[in-house]
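Down below is the structure, laid out as structure tokens.
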Amino acid sequence: MCGIIGYVGTRDVVPVLIGGLKKLEYRGYDSAGIAVVNGEGVEVVRAEGKLSNLESKLGEMELEGTFGMGHTRWATHGKPNENNAHPHRDCTGRVVVIHNGIIENFLPLKQKLQAAGHQFKTETDTEVVAHLIEETMKSGARFVDAVRSALKQIEGHYALVIINGKDPGTIIAAKHGPPLVIGIGENENLVASDVAPLLAYTRNIIYLEDGEYAVVDQKRVQLFDEHDNAVRREPKKILWDAVMAEKEGYRHYMLKEIHEQPRAVRDTFTGRMFEESGDIYFNELELTPAQWSKFRRVHIVACGTSWHAALVGKFLLEEAARIPIEVDYGSEYRYRNPIVDEETLVIGVTQSGETADTIAGMQEAKAKGAQLIAICNVIGSAATRMSQGVIYTNAGPEIGVASTKAFTTQLTAFYLLSLYVRQLRGEPVDDRRYAMHEMRVIPHKIEHLLKTQEKHIERLAHKYSTAQDFLFLGRGVNYPIALEGALKLKEISYIHAEGYPAGEMKHGPIALIDENLPIVAIATHTPVYDKVVSNLQEAKARDGKLIVICDEGDQAIRNLADDVIEIPWTVEPLQPILSVVPTQLLAYYIALRRGADIDQPRNLAKSVTVE
Ligand code: M6R
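1 is the number of the first residue of the sequence shown in our numbering; add one for each residue after it.
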């Protein structure tokens, strides 16, 4: 996701900003830019693509100053081109903003500001913040007060850094969601999205909390809460090395990415579902009810973890669309001569957007006249370029080979798509409002789950880490989670594991069950809960070791299982987003215990770009 760096002090600011942005490159980006204050003027330089493009531009200029900020952008609103690259400015060019996150209500704010005469130059949601501040300053307000007023008007998730050419030496940094940290130096201060770019200057770091903002100059850092009360917080001394800083202190990228899921899921639904009206809106995918009604079938094509997300997608979409849906592996679809025509909607699901088998399947479908859309995490990737519509999963770059946050954001995308289909079919708006509310609280539920279960799962991992085989069971919407749990375990711990529909166990895998076989089962409350319990009783009767993922407080499961992992209750279609998290943690801690190379498992590549 976007990277942020701001500096005020005595050094030549351009190398500080470029050096800082380089340390943030691991977050992924599609364009970059800096703003440097010189006198009352603010120079903004931006470039599409890699930082080297920005550096080439800067090489042709003489930009001097000791105060400025820089940004790497991972596009959400508007194409990844130079015009949409940050920083963004107001009409005077003096109020300059960089931003990570999504301003949900940017559209009504933009319309109001346009009616008041503001000229917008970009397609971004961010630009609205600069104009809001300008508007308040027009009536004589101080810069800091104008920012306070803007923060009260915007809704959404943001890490914002703002400067004003007329107020040289003051940086304002505000956090509501994405991380922001402040580095306290000697006669210099910095702000950034994480500590990685700050370590060259200081190890004294203040972490901003949600709702807080900081007014930073060369000598002082003042913190305020959302009610504008001053906050006192001592800096923390950070002892991490550069690699640890990129992992934000986590031992592996995989663990960091598991913990990023509340943010990643939130970023995937933010700005797309509007509870008040009950509407779903995708900025890169527009279908009219008439266009939708012409589809007779849907095919979903994917590989690996994305294929498991597709299976959950089938469950959700079939219920919403009431037309047949097939899910295929890319490697099978391309050779099986599928029945596809212009009445077929084909959805390619791929984190990287470059998986050769998925792309080939999508090409096959397109050649046969299908409408093609992609659910993808990487802007500008092959899958997005060939598709007529895209739903981006805003997971941010996933570095661990084992997919985690990409999966839960794909599930989020499918959930939103199923609500969109209901909207296109004219279903009652009240049902969608409730469904949106349940979606909105999911990030808190993931946080709660991580907080209450992680240590317990680590202990379970130690208990079961010497097992040679695992069986994962689930039914209905949780059957794909059994497959995903088994895949995660085998790819990072190298333990053999199989995922099965619980009801299918008696047709074969039951022969494997004895006191040495751990069985991870998902038994949350769904219409088939009682059936799953019966299946577990059958396994218990054969001495299988039951580790059951169940709803909090389920005493019946506690009485039956050897170990339970409790997850918060949610509606059935959202359960996979929660039920998969314990399986990710279990795989992670078992692999850790066995000393495996978790982020780079043997024989695996992050993106499989060959057949
Ligand atoms: O980038 P994609 O989503 O297309 O990748 C598909 C699979 O290669 C990928 O999900 C793979 O299975 C992961 N290593 C699973 O953790």
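Quick reminder that beta carbons are idealized off the backbone N, C-alpha and C, glycines included.
The beta strand (DSSP E) runs of length 3 or more contained entirely in the region 438 to 491 are, from start to end of the chain, 469 to 474.
Taking 9 Å as the cut-off, the Cβ atoms of I300 and V349 count as close. The alpha-carbon separation between S31 and L54 amounts to approximately 9 Å. Rounded to the nearest whole angstrom, the C-alpha separation of H71 and E123 is 17 Å. The shortest C-alpha to C-alpha distance from K451 to any of E484, I567, G9, P289 is the one to I567. Taking C-alpha positions only, I375 is separated from D167 by approximately 44 Å. Excluding five sequence positions before and after V215, the CB atoms of its chain that fall closer than 7 Å to its own CB belong to V144, T170, I172, Q222, given in chain order. With fewer than 16 neighbouring CB atoms inside 10 Å of its own CB, K506 falls in the exposed class.
For L419, same chain residues with a beta-carbon under 8 Å away, outside a window of 5 residues either side, are M273, I280, A320, R432, A435, M436 in chain order. Within the same chain, Cβ atoms closer than 6 Å to the Cβ of L113 are found at H131, the five residues on either side in sequence being excluded. Distances from the CA of P582 to each of A230, D217, I102, I258 were compared; the closest alpha carbon is that of I258. Going by DSSP, G361 is part of no beta strand (DSSP E) but of the alpha helix (DSSP H) stretching over 356 to 367. When secondary structure is reduced to three states using DSSP, L198 falls in the helix class. The region 307 to 314 makes contact with the region 410 to 425, as at least three CB pairs between them are under 8 Å. Per DSSP, the unbroken beta strand (DSSP E) holding V346 starts and ends at 344 to 350. DSSP places Q371 inside the beta strand (DSSP E), whose first and last residues are 371 to 376. C-alpha of G185 to C-alpha of Y253: approximately 28 Å in a straight line.
Nearest in C-alpha terms to A309, of all of P480, I154, P108, V528, is P480.
According to the DSSP assignment, D328 belongs to no alpha helix (DSSP H) but to the beta strand (DSSP E) extending over 325 to 329. In the DSSP assignment, S31 forms a beta bridge with E48, R73. Taking every protein chain shown into account, the CB of G474 has 16 or more other CB atoms within 10 angstroms, so this residue is buried. Assignment of L416 by DSSP, reduced to helix, strand and coil, places it in the helix class. Look at the region 73 to 150 and you find these whole runs of beta strand (DSSP E), each 3 residues long or longer: 95 to 103. By the Cβ neighbour-count rule, R89 is buried, with 16 or more other Cβ atoms within 10 Å of its own.
Here DSSP, grouped into helix, strand and coil, assigns P428 to coil.
Residue range 171 to 176 is occupied by the beta strand (DSSP E) that includes K175. A distance criterion of 8 Å places the beta-carbon of G361 beyond contact range of ligand 1, judged by its closest non-hydrogen atom. The Cβ-Cβ distance between I373 and Q351 does not fall below 9 Å. The C-beta distance from E188 to Y201 rounds to 7 Å, short enough to fall under 8 Å. Using a Cβ distance threshold of 9 Å, A521 and V477 do not count as a contacting pair. Taken in chain order, the complete alpha helix (DSSP H) segments of 4 residues or longer contained in the region 372 to 406 are 382 to 386. DSSP lists G474 as the beta-bridge partner residues of P501. Residues H88, F120 of the same chain have their beta carbon placed closer than 6 Å to that of E127, with the five preceding and five following residues left out of the count.
In this structure Y7 is in contact with G68, their Cβ atoms being roughly 6 Å apart against a cut-off of 8 Å.
Ligand 1 has no heavy atom closer than 8 Å to the beta-carbon of A365.
Residue side-chain check: Q351 places its Cβ nearer than 8 Å to a non-hydrogen atom of ligand 1.
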